[in-house]
Amino acid sequence: MIAIESFKRFTLYDIALVVLFACIWYLVNLALDTWVSVEYSFAVILLPLTFLMSFVVHIIRKAGTATMFYLLAALLTLHIDGLGV
Numbered sequence: 008m009i010a011i012e013s014f015k016r017f018t019l020y021d022i023a024l025v026v027l028f029a030c031i032w033y034l035v036n037l038a039l040d041t042w043v044s045v046e047y048s049f050a051v052i053l054l055p056l057t058f059l060m061s062f063v064v065h066i067i068r069k070a071g072t073a074t075m076f077y078l079l080a081a082l083l084t085l086h087i088d089g090l091g092v
């Protein structure tokens, strides 16, 4: 169970830090897409994504930080051709 003290409001600094790490993830993802083949890309991409997520969670230490990071990272790396349109 999560302690009620860990539910705090996000400050502008926290949101900016999450956006910064999501942008770093976007750049890492672009680099890995060009260097790694499609067969191995999923396994290779999980390592830096999880590292960046755990790093930002340890810096901010508020509930919901990982969810916010993954949401922003997913929105940044979403391609319209991946939706099948």
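Start counting the sequence shown at 8; every next residue gets the next number (my numbering). Positions of the beta carbon are idealized from the N, C-alpha and C atoms, including for glycine.
Between L39 and S48, the alpha-carbon positions lie close to 7 Å from each other. Counting every other CB atom within 10 Å of its CB across the protein chains shown gives F28 a total of 16 or more, marking it as buried.
M60 and L82 have their C-alpha atoms roughly 15 Å apart.
Within the stretch 44-69, the complete alpha helix (DSSP H) runs of at least 4 residues fall at 45-67. Taking C-beta atoms as the reference points, L24 and I66 count as a pair closer than 8 Å.
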